[in-house]
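Since the structure comes first, as C-alpha cells, the remarks are kept for the end.
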Amino acid sequence: MAVALGAGCGEVRTNALPAAHREVTMEKIVKTDAEWKAQLTPEQYRVTRGKGTEPAFCGTMHLSKKPGIYACVCCGLEIFSSTNKFESGTGWPSFYQPIAAERLTEHKDNSYGMERTEILCARCDAHLGHVFDDGPPPTGKRYCLNGVALTFLPAGPGD
Ligand SMILES: [Zn+2]
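Quick note on our numbering: the sequence shown kicks off at 438 and runs consecutively.
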C-alpha cells in the first residue's frame, strides 16, 4: 500500500481531542525495579525501564489506524491519540504530537554516538522512544515510539 507522507489520514479533525482529554493526575509514580519487573513483561521492562529499543516492524501497532488512545504501558497515562498518528515508514508507531505536551518529558540522549532527544512518560519516567525534527505538518515533529511501551485503548462506541 502506498502511503503519501503528509497527505493526512483521511479523517483529519482539528485538534479536537477525544473523551480521553480529561484531567489526569500528574503526581509522579515511583516504583522500585522489582515492582516494575513484577508488573511488566520482560520485553516491556527492558524497553521502558532499561531504555531498550524494540526491533522495527515488530508487532502491528505501527500500521494500526484504529481510533483510540495510546497510553504508557507502565502507569496508564494517556499520552498519544490515533488522531495524531501517521505512517512514518520507520516500522515504529509515530505521532506528530502528544495529547498534551506536559505528559512527556524530553531529555538529551547522546548514547550510541548519536544526538537524539529521548521521550519519557512524565508521570513514571518510562522510556518511550525518541522525538525527531523530521515529522509532518503541523508540528514538524516525529515522536517515534516503541510499541511495547504503549497500551492501545480502542475508542469505544459512544465514548
Ligand atoms: Zn508512565
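Each residue gets a CB set at the ideal place from its N, CA and C atoms; glycine is no exception.
This structure is a prediction, so every number in the text was calculated from the model and none was measured.
Return yes when at least one heavy atom of ligand 1 lies under 7 Å from the C-beta of residue i, else no.
i	result
Arg560	yes
Ala538	no
Leu587	no
Leu500	no
Ala563	yes
Gly509	Checking the sequence shown, residue 509 turns out to be Cys, not Gly. Yes, Cβ of Cys509 sits closer than 7 Å to a heavy atom of ligand 1.
Can you find the residues in the same chain that come closer than 6 Å, C-beta to C-beta, to residue i, ignoring five residues on each side of it along the sequence?
i	result
Ile506	Ala457, Glu515, Ser518, Leu590
Thr485	Cys511, Ala563, His564, Ala586
Asp571	Arg579
Arg483	Gly489
Asp546	Arg553, Glu555
At a threshold of 7 Å, does residue i count as lining ligand 2 (C-beta to nearest heavy atom)?
i	result
Leu514	Although ligand 2 was asked about, the structure shown includes only ligand 1 as ligands.
Assuming residue i and residue j form a contact by the criterion Cβ under 8 Å, report the distance between their Cβ atoms to the nearest whole angstrom.
i	j	result
Leu557	Cys511	With 8 Å as the limit, Leu557 and Cys511 do not qualify as a contact, their Cβ atoms being about 10 Å apart.
Met598	Glu539	Since the displayed the chain opens at 438 and closes at 596, residue 598 lies outside it and no answer follows.
Glu480	Val585	5 Å
Ala508	Thr588	5 Å
Rounding to the nearest angstrom, what Cα-Cα distance links residue i and residue j in this structure?
i	j	result
Met498	Ile536	18 Å
Ala592	Pro504	6 Å
Tyr533	Asp470	31 Å
Gly526	Thr554	20 Å
Trp529	Gly489	14 Å
Ser548	Lys474	24 Å
Gly566	Leu500	17 Å
Cys581	Ile466	23 Å
Near residue i, which residues of its chain fall below 7 Å by C-beta distance, leaving aside the five closest residues on each side in sequence?
i	result
Lys468	none
Apart from the five residues just before and just after residue i, which ones in its own chain have a Cβ nearer than 8 Å to its Cβ?
i	result
Glu472	none
Ala559	Met463, Leu514, Glu539, Arg540, Leu541, Thr542
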